[in-house]
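In our numbering, the protein residues as written are 3 to 229.
For every residue, glycine included, the Cβ atom is placed at its ideal position computed from N, Cα and C.
From a predicted model like this one, the values you see are computed outputs, not experimental measurements.
Notes follow the structure.
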Amino acid sequence: MDDLRIISALVTYDKVNHTKKYQSEVKDLYKKLSVRVKQAGLLTDMYSLDSKTHNQLVTLCYQDLSVLKKLDSRSYHKALRVVEEGKISREVPLYYQSYNLKDKKYVKDKLVTPQLLITFLHLAEVDKLPKDSLNWVKQKVDTQTLYNAYSVTGKAEDKSTSAANYAIAMMIGNAVHDDQLYDAAKKVLLSMQVTDKKSEIYGSFGDSKTKQVYSFNELNALVALNQ
Numbered sequence: 003m004d005d006l007r008i009i010s011a012l013v014t015y016d017k018v019n020h021t022k023k024y025q026s027e028v029k030d031l032y033k034k035l036s037v038r039v040k041q042a043g044l045l046t047d048m049y050s051l052d053s054k055t056h057n058q059l060v061t062l063c064y065q066d067l068s069v070l071k072k073l074d075s076r077s078y079h080k081a082l083r084v085v086e087e088g089k090i091s092r093e094v095p096l097y098y099q100s101y102n103l104k105d106k107k108y109v110k111d112k113l114v115t116p117q118l119l120i121t122f123l124h125l126a127e128v129d130k131l132p133k134d135s136l137n138w139v140k141q142k143v144d145t146q147t148l149y150n151a152y153s154v155t156g157k158a159e160d161k162s163t164s165a166a167n168y169a170i171a172m173m174i175g176n177a178v179h180d181d182q183l184y185d186a187a188k189k190v191l192l193s194m195q196v197t198d199k200k201s202e203i204y205g206s207f208g209d210s211k212t213k214q215v216y217s218f219n220e221l222n223a224l225v226a227l228n229q
């Protein structure tokens, strides 16, 4: 599904720069992607060129709803239904990680927070993010408890956190025009930035002690801070 991310980046470029530079390329890339991975009108996770078989999983966060809405109305509506029906419950306003096409059931694995938040973001971008899900994000940001993983019951399973979590929360705030969420998430994100000018990783969102820097954190922070 990295192909869809590339398509999304090209769509974003044209939108930001008010051009149609990549319009034909986007359509061509999406057509080729659809031939390979589309099953029952949904984009599955992957297609093996070696075995010529489809993966039967539809990972919810891979369904970039705004891109699908622009390029493929039928797949958009099917993806939206699968994502919306993947909401766990009113009590736990989170979403399952994936849907198994073969079993026609949602996979009840632990919820990896960056993927969960990307699902929230994609819903927000098409004005479909439920208020209770948005409030869950806001509460976690306000209390700085946006941890890296949760169970399907909503219990934190990994109490570490990451810059990407708060960067994506910023993007959600931007998408729903919630300045309070945007500003609160930005404050936490910037508190994670390495500010020691003598550090080899000065300016990054890495670990100043171990010098570890993860591209996923850095790229999401760059996107969030430059919206």
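C-alpha gap between Gln117 and Gln99, whole angstroms: 7 Å
Length-filtered (4 minimum) alpha helix (DSSP H) runs lying within the region 33 to 70: none
Start-to-end residues for the alpha helix (DSSP H) that takes in Lys1: As displayed, the chain neither begins before 3 nor continues past 229, which places residue 1 out of reach and without an answer.
Which listed residue (Gly175, Ser75, Asn102, Ser135) has its alpha carbon closest to that of Asp47: Asn102
Beta strand (DSSP E) segment containing Asn102, residue limits: 100 to 102
First and last residue of the uninterrupted beta strand (DSSP E) at Lys107: 107 to 109
Sequence-distant residues of the same chain with beta carbon closer than 6 Å to His56, five excluded per side: Gln41, Thr46, Tyr49
C-alpha gap between Ser153 and Asn228, whole angstroms: 32 Å
Environment of His20 [buried if 16+ CB atoms lie within 10 Å]: exposed
Straight-line Cα distance separating Asp185 from Tyr204: 23 Å
Sequence-distant residues of its chain with Cβ nearer than 8 Å to Lys22 (five each side left out): Asp16
DSSP beta-bridge partners of Val114: Ala151
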